[in-house]
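Everything below concerns the one structure shown next.
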Amino acid sequence: MFLSPYAQHSSNWGVFAGSVSSKFAGDQANSADEVRFNIHHTYQAGLMYEYGLKEDVLLNAQLAYKKIEGTVLTENKNYDPEDENSDKFIKTTEVKLHYLSLPVYFKIISDNGNWQYSVGLIYDYLVHSNGRNLQTNQSQSLVHYIRNFNLSASVSLGYKFHIKKQFFTLDLVYSQGVINLAESTTSALQDELPRLKTSTAETRFTWVIPFNSEQ
Numbered sequence: 601m602f603l604s605p606y607a608q609h610s611s612n613w614g615v616f617a618g619s620v621s622s623k624f625a626g627d628q629a630n631s632a633d634e635v636r637f638n639i640h641h642t643y644q645a646g647l648m649y650e651y652g653l654k655e656d657v658l659l660n661a662q663l664a665y666k667k668i669e670g671t672v673l674t675e676n677k678n679y680d681p682e683d684e685n686s687d688k689f690i691k692t693t694e695v696k697l698h699y700l701s702l703p704v705y706f707k708i709i710s711d712n713g714n715w716q717y718s719v720g721l722i723y724d725y726l727v728h729s730n731g732r733n734l735q736t737n738q739s740q741s742l743v744h745y746i747r748n749f750n751l752s753a754s755v756s757l758g759y760k761f762h763i764k765k766q767f768f769t770l771d772l773v774y775s776q777g778v779i780n781l782a783e784s785t786t787s788a789l790q791d792e793l794p795r796l797k798t799s800t801a802e803t804r805f806t807w808v809i810p811f812n813s814e815q
C-alpha cells in the first residue's frame with residue numbers, strides 16, 4: 601500500500617531538475633521582418649512545495665535556478681539574393697540570463713491520480729546577465745539594458761509514477777513572457793538588442809516527498 605501524495609490539507613516537498621528550451625520573441629510588429637531569434641537549450645534545478653486545497657486541487661510553489669539563452673539575428677543590409685553564399689539574416693548578439701525563478705501554480709489532479717494539469721505565473725528575478733556581440737566577439741554586461749525581473753504565464757501537463765515506494769513526476773511546461781525584457785529602446789544596444797519577450801518549453805523531473813499525507 602502506497603501513501604498518496606495527494607490529499608486535502610496535506611503537504612508535499614520535492615526536488616527537481618530539468619531542461620529549458622528558450623526562444624526570444626519580438627513584440628514589435630514593424631520589426632518582425634528585420635529580426636529573428638534562435639532557440640537555445642539550457643537547464644534548471646530547484647525545490648518544490650505544494651499544499652492540498654482539496655483532494656484534487658493543490659497550490660504549488662517552487663524555487664529554482666534557471667538559465668535562459670538566446671541569439672538575435674538581424675537583417676543583413678548587404679544581402680545579395682544573387683549570391684548563394686549571402687545570408688539574409690546574420691547573428692549579431694548572444695544573450696545569457698541567469699534567473700532565480702519563483703513559479704506558483706494551481707494544480708488539478710485527474711480522477712485516477714496519475715495526471716496533473718497546472719496553470720500559473722512565473723516570476724523570475726535576474727541575478728546575472730551578459731551579452732556578446734558576435735560580429736566583434738566583445739562581451740558586454742546587460743545590467744543596464746535588461747529588466748531585473750521577468751513575468752510569464754505558464755501551463756503544464758504532468759504524470760505521476762512511483763519506483764518502489766518513492767513518488768516521481770515528469771512535467772512538460774510551456775511559459776510565455778508577458779512583459780518586455782528590454783529596459784529601454786534608446787539604449788546603446790538598440791540596434792543589437794530589440795524589444796523582446798521570453799518563450800520557453802521546459803521539462804521537470806521531480807522527486808515528490810509526501811508530508812503528513814492521508815491514506
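In this note's numbering, each residue's number is its place in the sequence shown (first place is 1) plus 600. Ideal placement from N, C-alpha and C gives every residue a C-beta, glycine not left out. Small disclaimer: the values here were computed from a predicted structure and weren't measured.
Give me the Cβ distance between Ile709 and Asp656, rounded to the nearest whole Å; I'm assuming they're in contact under 8 Å.
For the purposes of this step, residue 709 is taken as the residue at position 109 of the sequence shown. For the purposes of this step, residue 656 is taken as the residue at position 56 of the sequence shown. Going by Cβ atoms, the distance from Ile709 to Asp656 rounds to 4 Å, so yes, they are a contact pair.
Pick out the complete beta strand (DSSP E) segments inside the stretch 742–782, 3 residues or longer, and give them in chain order.
749–763 and 766–777
Measure the C-alpha to C-alpha separation of Arg732 and Thr798 and round it to an integer number of angstroms.
As a first step, residue 732 must be located in the sequence shown, where it is residue number 132. As a first step, residue 798 must be located in the sequence shown, where it is residue number 198. Near 18 Å, if we compare the C-alpha coordinates of Thr798 and Arg732.
Kindly indicate which three-state DSSP category Gln644 falls into: helix, strand or coil?
Your numbering for residue 644 matches position 44 in the sequence shown. It is a strand residue.
Can you name, in chain order, every residue of its own chain whose Cβ lies under 8 Å from the Cβ of Ala629, other than the five neighbours on each side?
Within the sequence shown, numbered from 1, the residue matching residue 629 stands at position 29. Low confidence applies to Ala629: its pLDDT is 44, below 50, so where it sits in the model is not reliable enough to give any reading.
Classify Gln735 as helix, strand or coil using the three-state DSSP reduction.
Along the sequence shown, read from residue 1 onward, the residue named residue 735 stands at position 135. Coil.
Along the beta strand (DSSP E) that carries Asn714, what are the first and last residues, could you check?
One-based indexing of the sequence shown puts residue 714 at position 114. Note, Asn714: premise wrong, no beta strand (DSSP E); not H, not E.
Would you kindly report the start and end of the unbroken beta strand (DSSP E) that includes Arg804?
Against the sequence shown, residue 804 aligns to sequence position 204. Leu796 to Phe811 is the extent of the beta strand (DSSP E) around Arg804.
My parser needs the alpha helix (DSSP H) runs of 4 or more residues fully inside the stretch 662–721; what are they?
As for any alpha helix (DSSP H) of minimum length 4 sitting wholly inside the stretch 662–721, there is none.
Leaving aside the five residues before and after Phe768 along the sequence, list all residues of the same chain whose C-beta is less than 8 Å from its C-beta, in chain order.
Within the sequence shown, residue 768 is the residue found at index 168, counting from 1. Counting only Cβ-Cβ distances below 8 Å, and skipping sequence neighbours, we find Lys760, Phe761, His762, Phe805, Thr806, Trp807 and Val808.
How big is the Cα-Cα spacing for Ser787 and Gln716?
Within the sequence shown, the letter at position 187 stands for residue 787. Within the sequence shown, the letter at position 116 stands for residue 716. Below a pLDDT of 50, predicted positions are generally treated as unreliable, and Ser787, at 47, falls in that range; the measurement from the model is reported next regardless. When rounded, the distance between both Cα atoms is 43 Å.
Relative to the C-alpha of Tyr651, which residue among Tyr745, Thr671 and Ser610 is closest?
Counting from one through the sequence shown, the residue named residue 651 turns up at place 51. Among Tyr745, Thr671 and Ser610, the Cα nearest to that of Tyr651 is on Ser610.
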